[in-house]
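Student:
Residue numbers (the numbering used here): 6 to 524.
1. Establish whether the CB of residue 329 and some CB of chain D are separated by less than 7 Å.
2. Could you give the first and the last residue of the continuous alpha helix (DSSP H) run that contains residue 174?
3. Have a look at the DSSP bridge pairing and note the partners of residue 199.
4. Excluding sequence positions up to five away, which residues of its chain have a Cβ less than 6 Å from the Cβ of residue 195?
5. Determine whether the beta carbon atoms of residue 368 and residue 333 lie at a separation below 7 Å.
6. In three-state DSSP terms, what is residue 294?
7. Expressed to the nearest angstrom, what Euclidean distance is found between the alpha-carbon atoms of residue 158 and residue 256?
8. Cβ atoms of residue 449 and residue 259: under 7 Å apart, would you say?
9. Comparing C-alpha positions only, which one of 180, 471, 264 sits nearest to residue 376?
10. In terms of residues, what are the limits of the alpha helix (DSSP H) holding residue 379?
11. Under 8 Å by Cβ, that's how I've got residue 300 and residue 351 pegged, so tell me the actual separation to the nearest angstrom.
12. Using a threshold of 7 Å, state whether the C-beta atoms of residue 145 and residue 117 are closer than that.
13. Between residue 526 and residue 353, is the Cβ-Cβ spacing less than 7 Å?
14. Under a three-way DSSP split, which group does residue 334 fall into?
15. Give me the Cα-Cα distance between residue 231 and residue 441, rounded to the nearest whole angstrom.
16. Between the region 134-144 and the region 94-108, are three or more C-beta pairs nearer than 8 Å?
17. Taking Cβ positions, are residue 250 and residue 221 nearer each other than 7 Å?
18. So the candidates are 325, 464, 284, 443; which of them puts its Cα closest to the Cα of residue 270?
19. Assess contact between the region 315-329 and the region 283-299, defined as three or more Cβ pairs (one per stretch) separated by less than 8 Å. Is contact present?
20. In angstroms with no decimal places, state the Cα-to-Cα distance between residue 416 and residue 429.
21. In whole angstroms, what separates the C-alpha of residue 59 from that of residue 52?
22. Assuming the contact rule is C-beta atoms closer than 8 Å, residue 199 and residue 119 should be a hit. Round their C-beta distance to whole Å, please.
23. Under 8 Å Cβ to Cβ from residue 229, same chain only, skipping five residues before and after it: list those, please.
24. For a test of the three-state rule: what should DSSP assign to residue 443, helix, strand or coil?
Below you can see the structure in the form of C-alpha cells.
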C-alpha cells in the first residue's frame with residue numbers, strides 16, 4: 006500500500022461515516038427496550054455501562070489505527086511503500102495506550118466474567134490493539150477478583166455431595182488462580198496424587214445468559230449501519246462466542262474434551278494432557294491432574310531450567326498445527342496461562358473448556374490458501390478466499406489479486422524465513438478492507454489461536470518462523486490422497502530427519518503440474 010492509497014482511503018473514517026451520537030443513543034434505547042422485555046429492568050440498565058464501554062473503547066483504539074495511516078502519510082514524502090505495522094509508537098502514545106488498556110482492563114473486570122473472557126481474547130489480538138494495551142489486558146488471564154472460600158465450598162458440596170475436606174486427603178483453601186469463569190485450588194487425593202480442583206463462579210450461567218442477550222441485541226443494532234458490518238458478521242460472532250462460552254461452563258463437556266485430546270496425543274511423549282478424575286467431577290466442579298512447571302512464555306525460567314526454547318516452540322507449534330490442519334479439533338483458548346513447560350521439557354496443556362472444530366473441506370481450503378500464498382499464486386489465493394466464505398463470489402477478484410500482489414511480494418522479498426503471520430494478517434486486512442470481505446464467525450477462534458501461537462513462540466524464540474513450522478503439515482495434506490507419490494518423495498523432502506523446504510516446494514509444483522496434465 007502506497008502513500009497515495011492511504012491518502013485516498015482511511016478505513017477508520019469510512020467505518021464511522023454513517024454513525025452519529027443521536028443514532029447511537031437511539032440504538033442504545035432499542036437495546037434496552039429489548040432486554041427489558043426479556044430480562045426486566047435491572048438487566049436493561051446493565052446495557053448502559055456495557056454500551057458505554059464498547060463506544061469508548063472503539064473511540065480510543067480507533068485512534069491507534071487512524072494514527073498508523075497518518076504516520077505513514079507523513080513518514081515518506083516520496084510516496085514509497087510504507088510498512089504500516091512496523092511504525093513504532095512514540096513514548097507519549099505508548100503511555101496513552103497503556104492508560105487506556107488499564108482503564109479497559111478495569112472496566113471489563115467490573116462488568117463481570119463474560120467481559121473478562123472477552124478481555125482475555127483481546128489480550129492476544131495484536132491485529133486489533135497496540136502492545137501497551139495488550140500487556141495491560143493480560144492481567145485478565147489470571148489476576149481476576151477472587152470469590153470467598155465458603156462460596157467455593159458450597160459449590161463443591163452441591164456438585165460432589167460432600168465438603169472438600171472429606172472428598173480430598175488435603176485441600177488448600179488458598180486459590181492458586183482466579184480466572185474469568187472459575188477459581189482453582191491445589192488438593193491431594195486419598196491415594197496421594199496431586200490434583201487441581203476447578204470451581205465455577207456462583208450464578209455464572211444466569212449472568213452469561215443476560216450478557217449474551219445484551220451483546221446479541223447490540224450486534225443486531227450494529228448491523229443497521231452498513232459501514233460497521235461490511236466486513237464482520239457481528240451476530241455470527243456473538244453466536245459463536247455464546248456457543249463456546251456455554252460449552253466452557255459445562256465441566257462435564259470440558260472433561261470429555263480433555264479425554265479426547267489425551268487419547269489423540271497418547272503417543273506424543275513431548276505433550277502432556279492431564280487426567281480427569283471423574284468421581285470428583287461434576288457440571289460445576291472439575292478435578293484434574295496437577296501440571297507443574299513454568300509458564301510457556303517465561304523465557305528466563307525456561308533457560309534457567311536448562312531447556313531449549315527453540316525445541317519447545319517446535320513441539321508447541323507442531324501440536325497446534327496438527328490440531329488445526331489434521332485433527333480438525335483444536336484448543337481455542339491457548340493463552341500462556343493454560344500452558345506449562347514441565348521440568349522434563351514436556352509441554353503441558355490444560356483447560357479444554359473452549360474448543361473449536363474445522364471441517365475437512367475447511368482444512369483443505371486453509372492448506373490451499375497457505376500454499377498459494379507462499380507460491381505467490383494470487384488468483385488461486387483469491388479463489389480460496391471465496392471458497393472459505395471470506396469473499397463474495399461476485400467480488401472484484403482481479404482487483405483484489407492486483408492489490409495483494411505487491412503486498413505479499415514485499416513480505417517475501419527477504420525470504421520466507423522472515424515472514425510473520427501477524428504482519429501478513431495486518432497487510433491482508435489493510436487491502437481487504439476495500440472489498441466485500443467478511444471473516445466468518447467460525448474463523449474467529451482459528452485466527453486467535455494462530456496469532457496467539459506465533460506471539461508465544463516469538464516471546465521465547467525470536468527466530469521462530471510460522472512458514473517453516475506449517476510447511477510439513479501442508480506438504481502431508483497436499484500428498485495425502487496420493488500415497489504412491491507420497492512414498493516416492495518422502496525421502497527427498499525429509500533429509501536426515503529434517504524438513505527440506507526447497508525440495509518440498511519443487512516437488513509440490515511438479516505434483517501440481519502432473520495432476521493438471523492428467524485432468
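Even for Gly, the Cβ is constructed at its ideal location relative to N, Cα and C.
Tutor: Concretely, from the data shown:
1. Going by chain labels, chain D is absent from the structure shown, which holds only one protein chain.
2. Careful: residue 174 lies outside any alpha helix (DSSP H) and carries neither H nor E.
3. 193
4. 174
5. yes
6. strand
7. 17 Å
8. no
9. 471
10. 365-379
11. Between residue 351 and residue 300 the Cβ distance is about 14 Å, and since that is not below 8 Å, they are no contact.
12. no
13. Because the chain here runs from 6 to 524, residue 526 falls outside it and cannot be looked at.
14. Residue state, collapsed to three classes: strand.
15. 11 Å
16. Judged by Cβ distances under 8 Å, the region 134-144 makes contact with the region 94-108, as three or more pairs qualify.
17. The answer is no: Cβ separation not under 7 Å.
18. 325
19. no
20. 7 Å
21. 11 Å
22. With 8 Å as the limit, residue 199 and residue 119 do not qualify as a contact, their Cβ atoms being about 32 Å apart.
23. 32
24. coil
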